[in-house]
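Residue numbers (the working numbering), protein chains in the order written: chain W, 1 to 250; chain E, 1 to 447.
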Ligand SMILES: Nc1ncnc2c1ncn2[C@@H]1O[C@H](COP(=O)(O)OP(=O)(O)OP(=O)(O)O)[C@@H](O)[C@H]1O
Ligand SMILES: [Mg+2]
């Protein structure tokens, strides 16, 4: 589904990704771990099409297309979703309007008709219930004044509504209480299917206790320096990243 | 300066010519008020760009034409034509003015509760001028500008609203001011809104055009609030692209009174709105929110003059501007806290969203504080749409143009939500959407 080959990216001439390779197949869950500043969020942003990053080499294919050729909204319409590490506040933009416009844009791309107001309300209430989000937050401005955990829940609500084919969750589990962590995990597990794939960027083994990954990768210095199964995450939990850096250099 | 003398002389002659036909000319107080205003106007002349408050505005174009006040409309609009302009569905009364003159046939005043007097100022001045004597000209006398003096010299028609002690209106009073040709048209509406102690009301002023005749509106609204009175005052300037518009609002507030205003300026070639608030008794509060939208060829100008003269009053002013194309805006907000006005709480904000590189804004907040125990702040911003916000919306599948539209509406919503009249908010949102959709005003995503 997603093939990343020798991806090289820089910001303001500063190299940030230095030959990143990754292959994600349908139905798979990949965890990406790695030290602060190693390039995890940058990688996620480049996949989503955020401007400000210059791709200096390599390629990214999503299904049979050149992902890097598509606009941000085209990527989303083709089924790519990024839950942001720091969800953006949109003062004055009602969360309901935001969710409805998003859902209808994605539905239109799938050739489905827009939902009428009543059906949409039913769907959104339902999904908000699933992620334990208070209906009050639906009426407020998008993320404005939301607590950190509420913002993350809102990201999971969008994930549940938009049902993407490839979801990238950038530290959606950071800063969450135990219950909210369960919500994130359930959000992923409910959607897990043979047609769908996930990339979970995380610092903690905890999330992976609830969402069992098929692969675990370590991103360091802008490259994937080690890949393994879920036992790699356990080992990282015990030993930190130092030993990998040592081995990679060797 | 000399170039300005001629229009003053022209207006002086106009005043002399219409004076005999103005209502209430047998009331000595009114005749002398008009005479004083005329004298003041002639002495002072029109402002020039040398006057600080008019630095950015050249009046030459407005003044080179002769604008006939109260011109007969070429076509009398029908009630059905007027309906499209109604904003408040639950209005308890409507007054409709065409070219400055109240048309009773288009107005509806039935079913008002006891304690409410509402109608044409012209009729009130003809029938019982002494009834208005305690109020008319009271709020608008302090430091009168040329346009205020001119309006007073020509006091003829407008809305007269009086709400008795403790009376609360169940719905808004809607005042609609339309202009229509043929020829160049001037209107100098004069409104007087008096809320006695404890009275509560919502008043909507809506200025619009029936066609794209060049018109000049010089409106003046006086608001007098008794102790504990509460007024919500929504104003929309939505005139044609050929219109020149100046409006002055003078508010005098009694003890614990509350004045809440939302002022929106969308139309017009040149539009200037001024708010002059005087909190004269303790514990009074005012909240003024405003939105201005200016595109190609438009200049919109906002002047606030908020006076705290006594202790423990609160004021909040928040204006937002959306600038498109070659639009220009001026925001000049002044809060003056006098020596005795301890415990004043005053906040002023002005935020501008520039949707084009060719747009221009001059923003100038001024706090003049002469008391020492006060809480005052001001802040202004001039910025573009945030790239992270656009990215966030687009990353959810929303197209770039729709994303910009949503963010602009969101920006405006923060002001509009201060207004309780649904139809008012909806009309402004529609206008904003139309303006955003019209042409390549938003630039492209790469900007
Ligand atoms: N827009 C930018 N401008 C300058 N430097 C940037 C920018 N974006 C990322 N970087 C730099 O790129 C490097 C990788 O940052 P990134 O946010 O991708 O790290 P991360 O792996 O997500 O870290 P964390 O675990 O702390 O979230 C960092 O050194 C960061 O400072
Ligand atoms: Mg990160």
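Virtual Cβ for every residue (Gly too), placed ideally from N, Cα, C.
Cβ-heavy atom distance, residue i to ligand 1, below 6 Å
i, result
"residue 307 of chain E", "no"
"residue 11 of chain W", "yes"
"residue 224 of chain W", "no"
"residue 175 of chain W", "no"
"residue 16 of chain W", "yes"
"residue 38 of chain W", "yes"
"residue 171 of chain E", "no"
"residue 49 of chain W", "no"
"residue 240 of chain W", "no"
"residue 52 of chain W", "yes"
Rounded distance between the beta-carbons of residue j and residue i, thought under 8 Å
i, j, result
"residue 296 of chain W", "residue 225 of chain W", "The question about residue 296 of chain W has no answer, for chain W in this structure spans 1 to 250."
"residue 315 of chain E", "residue 294 of chain E", "With a Cβ gap of about 25 Å, residue 315 of chain E and residue 294 of chain E do not count as contacting."
"residue 38 of chain W", "residue 232 of chain W", "Contact flag wrong, Cβ pair sits at about 15 Å."
"residue 210 of chain E", "residue 188 of chain E", "Contact doesn't hold; Cβ gap of about 18 Å is too wide."
"residue 122 of chain E", "residue 157 of chain E", "4 Å"
"residue 68 of chain E", "residue 152 of chain E", "Not quite, the Cβ-Cβ distance comes to about 19 Å (not below 8 Å), so this is no contact."
"residue 477 of chain E", "residue 264 of chain E", "This structure cannot speak to residue 477 of chain E, because chain E is shown only from 1 to 447."
"residue 40 of chain E", "residue 144 of chain E", "6 Å"
"residue 139 of chain E", "residue 252 of chain E", "4 Å"
"residue 403 of chain E", "residue 393 of chain E", "4 Å"
"residue 191 of chain E", "residue 169 of chain E", "Incorrect: roughly 16 Å between the Cβ atoms, too far for contact."
"residue 149 of chain W", "residue 176 of chain W", "5 Å"
As assigned by DSSP and simplified to three states, the class of residue i
i, result
"residue 213 of chain E", "coil"
"residue 396 of chain E", "coil"
"residue 227 of chain W", "strand"
"residue 49 of chain E", "coil"
"residue 440 of chain E", "Per-residue confidence for residue 440 of chain E stands at a pLDDT of 44, beneath the threshold of 50, marking its modelled position as unreliable; the derived number appears in the next sentence. Reduced to three states, the DSSP call for residue 440 of chain E is coil."
"residue 288 of chain E", "strand"
"residue 174 of chain W", "coil"
"residue 168 of chain E", "strand"
"residue 130 of chain W", "helix"
"residue 11 of chain E", "helix"
"residue 370 of chain E", "coil"
"residue 447 of chain E", "Unreliable placement is indicated for residue 447 of chain E, whose pLDDT of 34 sits below 50; no coordinate value is reported for it."
"residue 423 of chain E", "helix"
"residue 95 of chain W", "helix"
"residue 102 of chain E", "strand"
"residue 39 of chain E", "helix"
"residue 165 of chain W", "coil"
"residue 21 of chain E", "helix"
"residue 407 of chain E", "helix"
"residue 259 of chain E", "strand"
"residue 60 of chain W", "strand"
"residue 196 of chain W", "coil"
"residue 67 of chain E", "coil"
"residue 33 of chain W", "strand"
"residue 1 of chain E", "Bear in mind that a pLDDT of 41 at residue 1 of chain E, under 50, signals an unreliable position, so the number given afterwards is only what the model happens to contain. Coil at residue 1 of chain E, not helix or strand."
"residue 248 of chain E", "strand"
"residue 379 of chain E", "strand"
"residue 269 of chain E", "coil"
"residue 68 of chain W", "helix"
"residue 237 of chain W", "helix"
"residue 391 of chain E", "helix"
CA nearest to the CA of residue i, picked from the options
i, options, result
"residue 202 of chain W", "W:195, W:196, W:210", "W:210"
"residue 146 of chain E", "E:36, E:198, E:225, E:306", "E:36"
"residue 173 of chain W", "W:1, W:154, W:161", "W:154"
"residue 25 of chain W", "W:221, W:171, W:64, W:89", "W:64"
"residue 223 of chain W", "W:3, W:50, W:7, W:2", "W:7"
"residue 30 of chain E", "E:134, E:307, E:11", "E:134"
"residue 143 of chain W", "W:96, W:194, W:22", "W:96"
"residue 66 of chain E", "E:100, E:105, E:6, E:129", "E:6"
"residue 212 of chain E", "E:219, E:359, E:195, E:180", "E:180"
"residue 91 of chain E", "E:172, E:320, E:243", "E:172"
"residue 353 of chain E", "E:25, E:273, E:386, E:340", "E:386"
"residue 380 of chain E", "E:319, E:372, E:390, E:371", "E:319"
"residue 351 of chain E", "E:289, E:63, E:14, E:268", "E:289"
Beta-carbon distances below 7 Å to any heavy atom of ligand 2 define the shell here; list its residues in chain order, please.
Output, sorted by chain position: W:40, W:41, W:85, W:170, W:171, W:201.
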